[in-house]
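Heads up, the thing below is written out as structure tokens.
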Amino acid sequence: MRSPAAAWRGLAWLALLLAASAALAQSRGWSFAENDNAVMAAQSGGGQAAAAGPVRVEFYGHMAFRITTPRGLGILIDPWRNDPSGAWGLWFPAEFPEIAVDLVLSTHAHFDHDAVHRPHATSVLERLAGRLELGDAVITGLADKHVCEAPGWYAWDASGPEFGQHFCPPDNPLHMDNFIQVVTTGGLRIAHWGDNRAQPAPYADAALAGVDVLILPIDASHHLLSDDDVAAIIARYRPRLVIPAHYHMPGTSSVLTTLGPAAEWVGRQPRVRRLDGASVELNAADLPAREAWEVLYFGDHAARD
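Numbering (the numbering used here), first residue to last: 7 to 311.
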């Protein structure tokens, strides 16, 4: 049993982290020059998420992606920032770009996924659970759990006792929850995994069946998922495209992340489309069959604006 003094030290450390986070993550919407005209147009004009059309996917490094619907709605998921407490070091040499989007989402309450007040967003939704319809997009948030035991060489889970916390469910704190985001638009279903555990709850499992595009955290250090985990996830959901993310990217993320590259895993896959930039346009009719799924690899290309 931990001593009372040790427990108080853990609580004090956690309080410091939370206080620093609150101080640096407050809403700045009052200062933005942008407005909600595009969202008003989307709501008044309606739209069908199942209707085919070009969908643009842009990679901002780490786990941050902007999805633009055929009608032009911009949806940003998991913008990153450095840990405001300083406890985890400098992960990102630059700040996340102040891009304009219609909606920003965060899968979970960790600094490398929750810089929701950095972009100029009309609407901010942290840890969305349930279903949101807007214009030609439907976003479904699946409440589940963050990976709670490190599968790789870096034992980040050992920090739990230092914080006086138990990371694994059912008694985990909120920051060890994760909300997988599924964006349906242009006739495509795009699933953003966040830092979810390898085996989601049964209801989430069912909702993920048959996704077209699956964005997964994949890196050589196995920070979140082992190679076996990744293989099992792909076999279970049978996506048509797999996009690796959450890996070390020189110029975007630091070695202090402890992440490895994704190139080793990518190099072992039978079908890979290597992109020469940070943006790609997807059309449902052009995607490969599920039995011939491909890796869509952004490499070290990250959007800056």
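Yeah, the Cβ is synthetic: ideal placement off N, Cα and C, and Gly gets one too.
In chain order, what residues of the same chain have a beta carbon less than 8 Å from the beta carbon of residue i, not counting five sequence neighbours either side?
| i | result |
| --- | --- |
| Leu-231 | Val-153, Pro-157, Ala-204, Leu-222, Pro-223, Ile-224 and Ile-239 |
| Tyr-243 | Ala-197, Leu-214, Ala-215, Gly-216, Val-217 and Leu-220 |
| Trp-299 | Ile-240, Arg-244, Pro-245, Arg-246, Leu-247, Val-248 and Arg-277 |
| Ser-33 | His-123 and Val-130 |
Which value, in whole angstroms, describes the spacing of the CA atoms of residue i and residue j?
| i | j | result |
| --- | --- | --- |
| Ile-81 | Gly-59 | 16 Å |
| Gln-187 | Asp-201 | 11 Å |
| Arg-246 | Ala-121 | 30 Å |
| Ala-241 | Leu-148 | 20 Å |
| Leu-288 | Pro-294 | 11 Å |
| Leu-96 | Gly-51 | 44 Å |
| Ser-259 | Glu-101 | 11 Å |
| Phe-71 | Ile-83 | 5 Å |
| Pro-256 | Leu-262 | 11 Å |
| Asp-111 | Tyr-66 | Reading off the sequence, residue 111 comes out as Leu, not Asp. C-alpha separation (whole angstroms): 14 Å. |
| Thr-75 | Ala-127 | 16 Å |
| Asp-234 | Asp-292 | 29 Å |
| Glu-155 | Asp-177 | 14 Å |
| Thr-146 | Ala-210 | 10 Å |
| Gly-35 | Glu-139 | 22 Å |
| Ala-212 | Arg-137 | 15 Å |
| Pro-250 | Arg-280 | 11 Å |
Please state if the CB of residue j and the CB of residue i are separated by a distance shorter than 8 Å.
| i | j | result |
| --- | --- | --- |
| Lys-151 | Pro-125 | no |
| His-229 | Asn-184 | no |
| Gly-193 | Ala-290 | yes |
| Val-144 | Ala-57 | no |
| Ala-106 | Leu-79 | no |
| Arg-77 | Asp-142 | yes |
| Met-182 | His-119 | no |
| Arg-310 | Pro-85 | no |
| Asp-108 | Ala-39 | no |
| Val-61 | Thr-191 | yes |
For residue i, which residues from the same chain have a beta carbon less than 7 Å from its beta carbon, with the 5 sequence-adjacent residues on both sides left out?
| i | result |
| --- | --- |
| Leu-30 | Because Leu-30 sits at a pLDDT of 49, beneath the cut-off of 50, its placement in the model cannot be relied upon, and the following sentence gives the value as read from the coordinates. Cβ within range, chain order: Pro-90. |
| Tyr-160 | Ser-227, His-229 and Thr-264 |
| Pro-179 | Gln-171 |
| Phe-173 | Cys-154, Asp-163, Gly-166 and Met-182 |
| Glu-64 | Phe-71, Arg-72, Ala-284, Ser-285 and Ala-309 |
| Asp-42 | Thr-128 |
Report all residues from its chain with a CB closer than 6 Å to the CB of residue i; omit the five preceding and five following residues, and keep chain order.
| i | result |
| --- | --- |
| Tyr-253 | Asp-225, Leu-265, Pro-267 and Ala-268 |
| Val-301 | Val-248, Val-272, Gln-275 and Val-278 |
| His-307 | Gly-283 and Ala-284 |
| Phe-117 | Arg-87 and Asp-89 |
| Ser-129 | Leu-109 |
Let's see if you can read the secondary structure: which residues bound the alpha helix (DSSP H) around residue i?
| i | result |
| --- | --- |
| Ala-143 | Counting along the chain, Ala-143 falls outside any alpha helix (DSSP H), though it belongs to the beta strand (DSSP E) covering 143-151. |
| Ile-240 | 233-243 |
| Gly-273 | 269-273 |
| Pro-179 | It is not in any alpha helix (DSSP H) - Pro-179 carries neither H nor E in the DSSP assignment. |
| Leu-214 | 208-214 |
Considering just the uninterrupted stretch of the beta strand (DSSP E) at residue i, what are its terminal residues?
| i | result |
| --- | --- |
| Tyr-303 | 300-303 |
| Asp-183 | 183-191 |
| Arg-280 | 278-280 |
| Pro-223 | 219-223 |
Starting from the N-terminal side, write out each stretch of the beta strand (DSSP E) that is 3 residues or longer and does not extend beyond the segment 107-177. 126-132, 136-140 and 143-151
Pick out the complete beta strand (DSSP E) segments inside the segment 46-112, 3 residues or longer, and give them in chain order. Whole beta strand (DSSP E) segments, 3+ residues: 61-65, 71-74, 80-83 and 106-112.
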